[in-house]
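Inspection log for the structure reproduced underneath, given as structure tokens.
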Amino acid sequence: MICPKCQSSNISKNGVKRGKQNHICKDCGRQFIDVYSPTGYPEEVKRHCLHLYVEGNGFRRIERLTGVCHNTVINWVKAAAKSLPQDPDYEEIPEVSQVDELQTYVGKKNIKSGSGPL
Ligand SMILES: [Zn+2]
462 MICPKCQSSN ISKNGVKRGK QNHICKDCGR QFIDVYSPTG YPEEVKRHCL
512 HLYVEGNGFR RIERLTGVCH NTVINWVKAA AKSLPQDPDY EEIPEVSQVD
562 ELQTYVGKKN IKSGSGPL
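Each residue of the sequence shown is one higher than the one before, counting from 462 in the numbering used here.
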């Protein structure tokens, strides 16, 4: 447990707030709860950063744009990459003839769905 403000480990317990253990830093007086972590960003911030990364932005640029530490973004990207299947398999991109079939199929499907229910 370290202080999120000054990184001091000179922490003492400071009662319980909303069911969570509250701590206080003896060095700077910062109060924080157990679950505090520097990566505790809302899900939408995380998604926004991952989106920026996918769009081709570098980690430093994402840090400038969002204010999220680039190390945090790197961790998110690593975690997201882990949860994905293997790298996209470009060999699975269909041949041109298969694309034609796919378009035919999609076209039929559109006609079908455009002809009303059943
Ligand atoms: Zn502190």
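Heads up, the beta-carbon is just placed ideally off N, CA and C, and yes, glycines get one too.
N- and C-terminal bounds of the beta strand (DSSP E) containing residue i
i: residue 463; result: Here residue 463 belongs to no beta strand (DSSP E), and DSSP marks it neither H nor E.
i: residue 486; result: 481 to 486
Cβ neighbours of residue i in the same chain (closer than 8 angstroms, five flanking residues each side left out)
i: residue 523; result: 510, 513, 514, 529, 531, 534
i: residue 475; result: 483, 484, 485, 492
Segment limits, alpha helix (DSSP H) that includes residue i
i: residue 469; result: Premise fails: residue 469 is in no alpha helix (DSSP H) and is neither H nor E.
i: residue 536; result: 531 to 544
i: residue 514; result: 504 to 515
i: residue 491; result: No alpha helix (DSSP H) contains residue 491, which DSSP labels as neither H nor E.
Residue i beta carbon near ligand 1 (any heavy atom closer than 7 angstroms)
i: residue 466; result: yes
i: residue 469; result: yes
i: residue 491; result: yes
i: residue 510; result: no
i: residue 530; result: no
6 angstroms CB neighbourhood of residue i in its chain, flanking five on each side removed
i: residue 471; result: 487, 488
i: residue 527; result: 510
i: residue 507; result: 537
i: residue 467; result: 488, 489
Anticipated Cβ contact below 8 angstroms, residue i with residue j, distance rounded
i: residue 473; j: residue 485; result: 6 angstroms
Beta-carbon proximity list for residue i, same chain, < 7 angstroms, skipping 5 on both sides
i: residue 541; result: 511
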